[in-house]
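Below is one structure; the comments refer to it alone.
Number of protein chains: 2
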Amino acid sequence: MTTRRGRPPKDSDGTLSRERILREALSLVDEEGLDAVSMRKLARRLGVDPMSLYNHVDGKDALLDGVAEVLLAAIPAADPEPDLRTTMSALAHGFRAAMLGHPRAAPLVLTRRLASLTALAPVEAVLGPLLAAGYPPERAVHGLRAVLAFLIGTLMREVSAAPTFSNGSRGRLEDLEASGLPAVAAAAPYLAVCDHEAEFEFGLRILLDALAPG
Amino acid sequence: MTTRRGRPPKDSDGTLSRERILREALSLVDEEGLDAVSMRKLARRLGVDPMSLYNHVDGKDALLDGVAEVLLAAIPAADPEPDLRTTMSALAHGFRAAMLGHPRAAPLVLTRRLASLTALAPVEAVLGPLLAAGYPPERAVHGLRAVLAFLIGTLMREVSAAPTFSNGSRGRLEDLEASGLPAVAAAAPYLAVCDHEAEFEFGLRILLDALAPG
DNA sequence: TCCTCTAAATCTACGCCGTAGGTAATGGAC
DNA sequence: GTCCATTACCTACGGCGTAGATTTAGAGGA
C-alpha cells in the first residue's frame, strides 16, 4: 500500500522519488541551462549515485519529458467563463506566464512532442468553450492549432532572446544599419529591440479577432 | 611514413572546405537526425581526422549554425511583385518548402537565434514591400514578427510530427476518446489527424487578412 | 635555388557523457 | 524466520567535444 520499500539511505530525507528528481532537474535547468543537464550532475546534486535515477526515470529523454510536464501542469485552469474570447485569452496568457517562469526550460515544452494526459488538459480548456459556442469541431481544432502555433513561435523567440542590455541593442542597431539592405536599415530602430509583451498582444489580438470576435 | 599527415595536395578531391563540411553535415542530419551528429562521425564520413574540422569551423555549435544558414539560403527570393499579399504569401511558402525539404534539420533554423546576414535576406524581402506599401516601420516589424512566429510554430509541429501511419492514427484516436475529457473526446477525429498543409493555409490566411488585405 | 613562414591535417590525451549489467541491502508479506 | 521485490550502489564500455602539440605541403621572398 505504501510506496516505502527497498533500501533507504542512512538519512531518511535523502530518499529518492520521481517528484524529487523532476523538481531538482527543473532547478538545474533554471540555474545552468538545458545543455548543462546530465544524469551525473543531477545525481550529484541529489547526493546520489547516477544509476539510482534509473529506478525512477526511464532515461534522460524521459526525464526531460517529465520536466516538460511539470511546466505544463503550472498552467492555471481557466475560470468557467461565459465569454469565449476571455477564456482563450486567459489560457494563452497562462501558457505564456508558465513558460516565462522557467525560460530556460521552456524549450522542453515548445519543441517536444508531448503525448501525455497532462498536455491534453489545456487543449480541453480551449476546445470546450469553442464547441460550446457552436463551432464545428473541425474549425475549433483549426483555430486551436493556429493559436498554439503562434504561441509556440512567439515564446520560442522570447525565451531564446538574449537579455537586452542597454548598450547591447546599440551594437545590434549599428549592425542592422550597416547591413546594406535598405528596408532593414530603414526599420532598424524597431528591429533592434523587441517588446515581447507588445508583440504577443498584437499577434494574439489578430488571431482572436478572427476566431472569437466580440 | 605511409600515413598521410600535414597539409594535403592543393586541389585534390579530398581537400576539406567549409562548404564541403556543411554539405556533408546536412546530409548526415537528413539521414540520421540531429542527435546523431557528432564531430567524429562527420569526420569519418569525410574520410578525415575529427580535429581537421576545427580548421574550418569554430566548433560543433558553429557548425550547426552553418547548417542552419545553408537551409535559410535555400529560400527562393521573391519576385518583385507589386502585390503585397502575394509577396508575403510567396515568402511564407518558400520558407515552409525550404524547411520541409530537410525536416530533420529544420529545428536548427526554428530554434536557434541566427544573427547572420543570411538570416536578414528574407527579412528584407518582407519588410521592403511592407514599407513600400506605406506601412509605418513599427507596424511592419510587428506584422513580420507575428507571421514569423506563426510560421515557426506551425513548422515545428510539422517537422516533429511522426509520419502518420494508417493505423497509427487509429491508436491515437482511441487514446483521445478514452481521455475522459469531453471536448477532446468530441473532437477526437479531428485531433487525431493533422493536415499540415490545410493548417498552414488556414493560419496564414488569417494573418494576411489582417496585415495585407486585398 | 634554398629558406623560411603559414595554414591545414594529424595524433594524443583529458574529462565528460548515457547507461548496460551485476551486487548488496532493506523492509513488507508470508 | 524466510522469501522476494525494490532500490541504491558499483564497475565498465564506448562515445563524445576539443585543448595542445606535431607534422607537412605549398607560398613567397632572398
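Residue numbers (our numbering), protein chains in the order written: chain A, 18 to 231; chain B, 18 to 231.
Glycine included, every Cβ here is placed at the ideal spot set by N, Cα and C.
Please read all numbers here as calculations on a predicted model, not as lab measurements.
Any beta carbon from chain B within less than 8 Å of residue i's own beta carbon?
| i | result |
| --- | --- |
| residue 231 of chain A | no |
| residue 112 of chain A | no |
| residue 166 of chain A | yes |
| residue 141 of chain A | yes |
| residue 97 of chain A | no |
| residue 94 of chain A | no |
| residue 101 of chain A | no |
| residue 19 of chain A | Residue confidence for residue 19 of chain A is low, a pLDDT of 29 falling below 50, so the modelled location carries little weight; the figure read from the coordinates is stated next. By this cut-off, residue 19 of chain A is not an interface position. |
According to the Cβ coordinates, are residue i and residue j closer than 8 Å?
| i | j | result |
| --- | --- | --- |
| residue 167 of chain B | residue 220 of chain B | yes |
| residue 33 of chain A | residue 63 of chain A | yes |
| residue 196 of chain A | residue 137 of chain B | yes |
| residue 119 of chain A | residue 226 of chain A | no |
| residue 205 of chain A | residue 194 of chain A | yes |
| residue 171 of chain B | residue 128 of chain A | no |
| residue 109 of chain B | residue 164 of chain B | yes |
| residue 59 of chain B | residue 81 of chain B | no |
| residue 99 of chain A | residue 111 of chain A | no |
| residue 155 of chain A | residue 207 of chain B | yes |
| residue 107 of chain A | residue 95 of chain A | yes |
| residue 116 of chain A | residue 169 of chain B | no |
Contact criterion: CB-CB distance below 8 Å. Does residue i meet it with respect to chain A?
| i | result |
| --- | --- |
| residue 71 of chain B | no |
| residue 106 of chain B | no |
| residue 170 of chain B | yes |
| residue 196 of chain B | yes |
| residue 145 of chain B | yes |
| residue 55 of chain B | no |
| residue 79 of chain B | no |
| residue 62 of chain B | no |
| residue 109 of chain B | no |
| residue 173 of chain B | yes |
Rounded to the nearest angstrom, how far is the Cβ of residue i from that of residue j, given a contact under 8 Å?
| i | j | result |
| --- | --- | --- |
| residue 105 of chain A | residue 143 of chain A | 6 Å |
| residue 86 of chain A | residue 55 of chain A | Not a contact, Cβ separation roughly 20 Å. |
| residue 229 of chain A | residue 102 of chain A | 4 Å |
| residue 147 of chain A | residue 223 of chain B | Going by Cβ atoms, the distance from residue 147 of chain A to residue 223 of chain B rounds to 15 Å, so no, they are not a contact pair. |
| residue 122 of chain B | residue 84 of chain B | 6 Å |
| residue 209 of chain B | residue 190 of chain B | 4 Å |
| residue 162 of chain A | residue 216 of chain B | 5 Å |
| residue 124 of chain B | residue 51 of chain B | 6 Å |
| said: Residues of the stretch 149 to 163 of chain A in Cβ contact with chain B at a cutoff of 7 Å, in chain order, please. | reply: The residues in question are 154, 155, 157, 158, 159, 162 and 163.
| query | In chain order, what residues of the stretch 212 to 231 of chain A put their CB closer than 8 Å to some CB of chain B? | reply | Flagged, chain order: 215, 216, 219, 220, 223, 224, 226, 227 and 228.
| request: Check each residue of the stretch 113 to 142 of chain A: if its Cβ is closer than 9 Å to any Cβ of chain B, include it; give the result in chain order. | output: Under the 9 Å Cβ criterion, the stretch 113 to 142 of chain A contributes 124, 127, 128, 129, 130, 132, 134, 137, 138, 140, 141 and 142.
| field | Near-chain B residues of the stretch 32 to 54 of chain A - C-beta to any C-beta below 8 Å | value | Shown here is that no member of the stretch 32 to 54 of chain A has a Cβ falling below 8 Å from a Cβ of chain B.
| Just by C-beta distance, which residues in the stretch 200 to 211 of chain A are closer than 7 Å to chain B? | Residues of the stretch 200 to 211 of chain A with a Cβ closer than 7 Å to any Cβ of chain B, in chain order: 200, 201, 203, 204, 207 and 208.
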